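Asker: Residue numbers (our numbering): 86 to 793. C-beta: ideal position from N, C-alpha, C; glycine also. Since we're looking at a predicted model, the values are computed, not measured.
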Amino acid sequence: MKTILFILLQFPVFHLSAQIEIWGTIFSENNEPITGANIFIQGSYDGTTSDSLGYFSFETDLTGDQTLIASFIGYKTQAIQLQILENIQNLKIILQDEVSELNEVVINAGTFEASDKKKSVLLKPLDIALTAGANGDVFGAFGTLPGTQKVGEEGRLFVRGGEAYETKTFMDGILINSPYYSQMPDLPTQGRFSPLLFSGSVFSTGGYSAEFGQALSSIVALNTTALEPETKSNVSVLTVGIQGSHAHRWNNTSLAVTGEILHTGLTNRLFPQNIDWIKEPIISGSTILFRHKTSETGMIKTFGSFNYKTSTLLYDNFKESKFQNLALTNNNVYLNTTYNEMLGEKWMVNTGVSINTDNDKIVLENEPINTLKKSGQVKTVFTNFTTEKITTKFGTDWVGYDYLQKVNIGGNYKFGFTNQQLSSFVESEIKINHILAVRAGLRAEYSSLIQRSNWMPRLSAAIKTGKNSQLSTAFGKFCQNPEEDYLKFNDNLQPEKSTHSILTWQYKKGTKSFRFEAYCKKYSDLIKYDKADSAAPENYNNSGFGYSRGIDVFWRNRKEFGKSDYWISYSWIGSKRNYHDFPVEATPYFVSAHNLSVVYKRFFTRIQSFASVTYSFASGRPYYNPNNPEFMSDRTKCYNDISIGLTHLMYLFNTQTVLHLIVNNMFGFNNIFGYTYSNTPNESGFHPRQAVTPATKRTAVLLISFQF
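(1) Give the single residue among Cys564, Ala217, Ser509, Phe689 whose Cα lies nearest to the Cα of proline 580.
(2) Could you round the C-beta distance between leucine 260 and threonine 372 to whole angstroms and report it? I think they count as a contact, below 8 angstroms.
(3) Please list, in chain order, all residues of the same chain as tyrosine 674 whose beta carbon is under 8 angstroms from its beta carbon, the five residues on each side excluded.
(4) Applying the criterion that 16 or more other CB atoms from any shown protein chain within 10 Å of the CB defines a buried residue, is methionine 384 buried or exposed?
(5) What do you get for proline 357, buried or exposed, if any count of 16 or more other CB atoms within 10 angstroms of its CB means buried?
(6) Output the residue ranges of the beta strand (DSSP E) runs that lie fully inside the region 253-336 and measure 3 residues or longer, sorted by chain position.
(7) Please name the residue or residues paired with serine 718 in a DSSP beta bridge.
(8) For threonine 742, collect the residues of the same chain with a Cβ closer than 6 angstroms to its Cβ; drop the 5 residues on either side in sequence, then sort them by chain order.
(9) Could you compute how far the alpha carbon of leucine 340 sits from the alpha carbon of asparagine 359?
(10) Can you tell me the Cα-Cα spacing of asparagine 392 and tyrosine 266, whole angstroms?
(11) Between which two residues does the alpha helix (DSSP H) carrying arginine 354 extend?
(12) Report back the beta-carbon spacing between phenylalanine 470 and aspartate 576 to the nearest angstrom; my notes put them in contact at under 8 angstroms.
(13) Check this for me: beta carbons of asparagine 553 and lysine 594, under 8 angstroms apart or not?
(14) Threonine 309: buried (16+ other C-beta within 10 angstroms of its C-beta) or exposed?
(15) Let's test the definition: count the other Cβ atoms within 10 Å of the Cβ of isoleucine 727 and tell me whether it reaches 16, buried, or not, exposed.
(16) Helix, strand or coil for phenylalanine 646? Go by DSSP, reduced to three states.
(17) Are the region 232-247 and the region 413-430 in contact at 8 angstroms, needing three or more beta carbon pairs?
(18) For alanine 785, which residues of its own chain have a beta-carbon under 6 angstroms away from its beta-carbon, when the five flanking residues on both sides are left out?
(19) Using the rule of at least 16 other Cβ atoms within 10 Å of the residue's Cβ for burial, across every protein chain shown, is threonine 148 buried or exposed?
(20) Measure how close the beta-carbons of isoleucine 178 and isoleucine 165 come, nearest whole angstrom, since I'm counting them as under 8 angstroms.
(21) Would arginine 687 and serine 660 qualify as a contact pair, given that the criterion is a beta-carbon distance under 8 angstroms?
(22) What ranges does the alpha helix (DSSP H) occupy inside the region 569-619, keeping only unbroken runs of at least 4 residues that lie completely in it?
(23) Measure the CB-CB distance between serine 545 and glycine 292 and report whether it falls below 8 angstroms.
(24) So valine 223 is in the beta strand (DSSP E); what residue range does that whole segment cover?
(25) Round the Cβ separation of asparagine 825 and glycine 631 to the nearest angstrom and send it over; I've been treating them as touching at under 8 angstroms.
(26) Please tell me whether aspartate 443 and lysine 458 are closer than 8 angstroms, where the distance is taken between their beta carbons.
(27) Are the beta-carbon atoms belonging to asparagine 441 and tyrosine 419 less than 8 angstroms from one another?
(28) Please list, in chain order, all residues of the same chain as glycine 236 whose beta carbon is under 6 angstroms from its beta carbon, the five residues on each side excluded.
(29) For the region 312-324 against the region 150-159, are there 3 or more C-beta pairs whose distance is under 8 angstroms?
(30) Drop a sphere of 10 angstroms on the beta-carbon of asparagine 116, count the other beta-carbons inside from all chains shown, and report buried for 16 or more, exposed for fewer.
(31) Please list the terminal residues of the continuous beta strand (DSSP E) segment that includes tyrosine 400.
(32) Compute the distance between the beta-carbons of lysine 657 and glycine 635, then report whether it is under 8 angstroms.
(33) Would you mind sorting glutamate 114 into buried or exposed? The rule is 16 or more other CB atoms within 10 Å of its CB.
(34) Mapping the DSSP letters down to three states, classify asparagine 421 as helix, strand or coil.
(35) Which runs of the beta strand (DSSP E), 3 residues or longer, sit entirely within the region 690-716?
(36) Under the rule that 16 or more other beta-carbon atoms within 10 Å means buried, what is arginine 376, buried or exposed?
So, in structure tokens, the structure goes:
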């Protein structure tokens with residue numbers, strides 16, 4: 086079980102180093118606070134963005150005469166000369182309007198963004214890290230946003246009627262083929278990466294940019310941080326293991342290294358599980374993030390992640406009425422290098438390369454299944470700032486993928502394929518005037534395995550409906566190659582396809598934001614088969630189809646730090662598919678019609694403590710009952726969960742220390758994710774069943790962390 090990943094000592098408000106602090110406020114000429122303005126020291130990466138009240142605060146180790154830059158779209162950039170000798174407090178900045186850019190409209194249909202590039206900022210890294218119930222996981226926190234489904238036995242993102250594989254993850258624009266840890270049957274997994282590796286993360290629930298492809302439903306785009314602010318180290322001791330990190334900062338370069346080893350033995354004894362572990366899960370891993378500033382506008386980043394996970398359990402194979410030894414070992418390596426640079430005033434280039442190796446070894450009753458996945462990517466994107474109102478992006482990328490599976494069950498079998506995927510895109514955004522913007526794009530993809538090209542248009546637009554509101558719409562066609570579990574048997578299958586139509590209305594004023602979104606998705610060419618796991622190529626075809634339609638509602642009130650911050654998200658969805666071995670069109674097992682999340686956070690200044698609570702609800706999900714002639718008509722009971730997080734900051738042995746406690750499903754709700762039925766009927770002719778439930782009703786993890 087992977088839990089908190091160095092999240093707490095990063096809290097900037099409590100950063101207790103000897104650096105100089107600069108703080109103040111930024112306003113327009115009308116004395117209105119500017120949210121999301123960029124404030125930084127020229128020639129460095131020391132800076133921040135303003136909050137909803139125009140407040141900003143950051144620290145720097147630079148001294149002497151420096152130039153502070155303040156900028157925001159729609160306002161003239163201002164340069165302020167500072168002599169930095171000690172803390173600079175209550176600095177007030179006034180930005181003048183750029184008449185041509187006043188009240189700029191922002192296209193945001195389908196997008197929840199946590200970077201600071203747009204006004205639709207929702208979740209920042211610390212929001213993700215400190216959301217109760219998310220366990221410091223990027224995907225867990227996004228699971229509290231509208232459009233997602235509660236699929237507790239998976240731990241992956243299921244978005245708007247799409248399966249987990251239909252959501253793709255990117256880091257600095259580069260694809261991550263294995264963003265999650267491998268998992269045992271009916272046990273949830275978690276993302277491999279800490280949210281604090283990233284300066285921001287964009288969660289697009291649909292209608293996303295033509296820059297990204299091979300995702301039927303949605304994308305998660307993670308952007309790594311710039312230079313580390315200072316040299317520091319920390320060590321964290323948890324009830325599930327130990328973690329450590331060290332970051333070193335030079336003038337234009339930084340290097341950050343993390344390492345961990347986690348073991349759930351103690352937690353499993355404190356909270357007994359319904360899993361018969363033979364070898365309890367062990368996770369070890371490390372990351373390395375090298376960053377070098379090549380010029381005032383250029384940056385090169387190299388990221389590496391190395392993970393190992395192993396566990397063995399006595400698997401209750403209820404379908405076949407027997408227990409089996411099941412072991413899983415996974416080794417994963419992910420490396421990428423990206424380079425970004427301004428080429429003069431009108432051009433910017435973003436390029437990168439990556440390699441990813443994922444090796445799964447499953448042993449079922451001494452019979453092994455080895456699966457090796459290798460992938461690599463090369464990508465280049467150019468951006469042209471033609472005028473202040475026209476921006477054009479175009480680029481190309483190549484992805485190579487190699488899949489090999491060896492099965493030694495009842496004989497020796499080998500399955501595999503190799504694919505070269507070449508893609509290109511072009512996309513332009515035109516701000517017609519201060520209330521209307523349009524973005525149009527086209528993406529083309531060619532697969533050497535499938536030997537087919539696909540052309541996918543994307544179109545979106547936005548119009549201001551008031552001083553604090555706007556209406557956005559998006560339309561696009563998307564395709565994705567079938568999963569390797571099908572391509573390994575039949576490499577003549579065609580890509581699965583979907584069409585997204587989205588309409589969004591958003592209101593934002595001060596600390597409050599409201600968002601209403603309606604969408605419709607149509608699926609075609611989905612994979613169908615008569616018998617699961619059959620090796621016969623003719624068993625698989627592209628005759629599947631389906632739809633998803635629904636509404637998402639999001640409300641957030643984020644006040645200045647030290648006060649409450651909460652959001653409420655609600656989703657309704659109607660979705661049906663006729664795919665896989667479905668005999669008729671039906672709602673898939675992972676879709677619940679109603680999903681609700683309420684997240685509340687508050688910091689208590691006097692006691693230097695932080696508290697958060699998350700309530701999650703989902704209506705019943707369908708499941709297959711062989712005793713019922715109506716296919717997928719049964720429903721589980723409703724899902725409920727209340728999780729809390731408590732944090733206390735203090736000094737221990739003259740060292741900055743954090744105590745953190747998380748409790749998941751604090752009240753021990755008896756959640757049921759579905760049912761497994763025996764293949765053999767009983768004497769009465771009915772198939773017995775067994776509920777699929779969490780491994781334990783509740784869990785708690787205690788962390789103590791020291792910074793040096």
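Answerer: On the basis of the coordinates in this document:
(1) The residue you call residue 580 lines up with position 495 of the sequence shown. That would be Cys564, whose Cα lies nearest to the Cα of proline 580.
(2) Within the sequence shown, numbered from 1, the residue matching residue 260 stands at position 175. Within the sequence shown, numbered from 1, the residue matching residue 372 stands at position 287. With 8 angstroms as the limit, leucine 260 and threonine 372 do not qualify as a contact, their Cβ atoms being about 18 angstroms apart.
(3) Taking the first residue of the sequence shown as 1, we reach residue 674 at position 589. The answer, listed in chain order, is Arg706, Pro707, Tyr708, Tyr709, Met717, Gly759.
(4) Working through the sequence shown from its first residue, we reach residue 384 at position 299. Only buried fits methionine 384, as 16 or more other CB atoms lie within 10 angstroms of its CB.
(5) Taking the first residue of the sequence shown as 1, we reach residue 357 at position 272. Exposure of proline 357 is indicated by the presence of fewer than 16 other C-beta atoms within 10 angstroms of its C-beta.
(6) Counting only runs that start and end inside the region 253-336, the beta strand (DSSP E) elements of at least 3 residues fall at 259-261, 283-289, 303-309, 317-323, 326-334.
(7) Counted from its first residue, the sequence shown places residue 718 at position 633. According to DSSP, serine 718 bridges with nothing at all.
(8) Along the sequence shown, one-based indexing puts residue 742 at 657. Around threonine 742: Met735, Phe791.
(9) Taking the first residue of the sequence shown as position 1, residue 340 is located at position 255. Taking the first residue of the sequence shown as position 1, residue 359 is located at position 274. Going by C-alpha positions, leucine 340 is about 42 angstroms away from asparagine 359.
(10) For this step, residue 392 is matched to residue 307 along the sequence shown. For this step, residue 266 is matched to residue 181 along the sequence shown. Separation of asparagine 392 and tyrosine 266 (C-alpha to C-alpha, rounded to the nearest whole angstrom) is 9 angstroms.
(11) Locating residue 354 in the sequence shown gives position 269, where the first residue counts as 1. Its alpha helix (DSSP H) spans residues 350-355.
(12) Here residue 470 refers to the residue found at position 385 of the sequence shown. Here residue 576 refers to the residue found at position 491 of the sequence shown. That belief does not hold up - the Cβ atoms of phenylalanine 470 and aspartate 576 are roughly 43 angstroms apart, past 8 angstroms.
(13) On the sequence shown, position 468 is the one that residue 553 refers to. On the sequence shown, position 509 is the one that residue 594 refers to. In this structure, lysine 594 lies closer than 8 angstroms to asparagine 553 by Cβ.
(14) Within the sequence shown, the letter at position 224 stands for residue 309. Buried, because 16 or more other Cβ atoms sit within 10 Å of the Cβ of threonine 309.
(15) If you number the sequence shown from 1, residue 727 lands on position 642. When all chains shown are included, isoleucine 727 counts as buried.
(16) Here residue 646 refers to the residue found at position 561 of the sequence shown. Confidence at phenylalanine 646 is low in this model, with a pLDDT of 44, below 50, so its placement is unreliable and the value that follows should be read with caution. Phenylalanine 646 falls in the strand class under three-state DSSP.
(17) In the pairwise beta carbon analysis, the region 232-247 is classified as not touching the region 413-430: fewer than three pairs are separated by under 8 angstroms.
(18) Start at 1 with the first residue of the sequence shown, and residue 785 comes out as number 700. Shown here for alanine 785: same chain residues with a beta carbon closer than 6 angstroms to its own, the five before and five after excluded, namely Val748 in chain order.
(19) Position 63 of the sequence shown, counting from 1, holds the residue named residue 148. With fewer than 16 other Cβ atoms within 10 Å, it is exposed.
(20) Counted from its first residue, the sequence shown places residue 178 at position 93. Counted from its first residue, the sequence shown places residue 165 at position 80. A Cβ-Cβ separation of about 7 angstroms places isoleucine 178 in contact with isoleucine 165 under the 8 angstroms criterion.
(21) Position 602 of the sequence shown, counting from 1, holds the residue named residue 687. Position 575 of the sequence shown, counting from 1, holds the residue named residue 660. Result no, Cβ atoms of arginine 687 and serine 660 do not sit closer than 8 angstroms.
(22) Entirely contained in the region 569-619, the alpha helix (DSSP H) runs reaching 4 residues are, in chain order, 569-572.
(23) What you label residue 545 is simply residue 460 of the sequence shown in a count that begins at 1. What you label residue 292 is simply residue 207 of the sequence shown in a count that begins at 1. Serine 545 is a Cβ neighbour of glycine 292, given a cutoff of 8 angstroms.
(24) The residue labelled residue 223 in the question sits at position 138 within the sequence shown. No beta strand (DSSP E) contains valine 223, which is instead part of the alpha helix (DSSP H) from 223-227.
(25) Lying outside 86 to 793, the shown extent of the chain, residue 825 is not represented and no answer is given.
(26) If you number the sequence shown from 1, residue 443 lands on position 358. If you number the sequence shown from 1, residue 458 lands on position 373. It is a contact, given that the beta carbons lie within the stated cut-off.
(27) Position 356 of the sequence shown, counted from the start, is the residue given in the question as residue 441. Position 334 of the sequence shown, counted from the start, is the residue given in the question as residue 419. Yes.
(28) Taking the sequence shown and counting its residues from 1, the one referred to as residue 236 is at position 151. Note that residue 236 is valine in the sequence shown, not glycine. When the five nearest sequence neighbours on each side are left out, the beta carbons in the same chain lying within less than 6 angstroms of the beta carbon of valine 236 are those of Phe243, Phe675, in order along the chain.
(29) The answer is no - the region 150-159 does not touch the region 312-324, with fewer than three Cβ pairs under 8 angstroms.
(30) Here residue 116 refers to the residue found at position 31 when the sequence shown is read from its first residue. By the 10 Å Cβ count, asparagine 116 comes out exposed.
(31) Indexing the sequence shown from 1 puts residue 400 at position 315. Unbroken beta strand (DSSP E) run through tyrosine 400: 384-402.
(32) Translated into positions along the sequence shown, residue 657 becomes position 572. Translated into positions along the sequence shown, residue 635 becomes position 550. First, the residue type needs correcting, since residue 657 is tryptophan and not lysine in the sequence shown. Their beta carbons are under 8 angstroms apart, which means tryptophan 657 touches glycine 635 by this criterion.
(33) If you number the sequence shown from 1, residue 114 lands on position 29. Result: exposed.
(34) By 1-based counting over the sequence shown, the position of residue 421 is 336. Reduced to three states, the DSSP call for asparagine 421 is strand.
(35) Within the region 690-716, the beta strand (DSSP E) runs of at least 3 residues that lie entirely inside it are, in chain order, 694-703.
(36) Numbered from 1 along the sequence shown, position 291 holds the residue referred to as residue 376. So arginine 376 ends up on the buried side.
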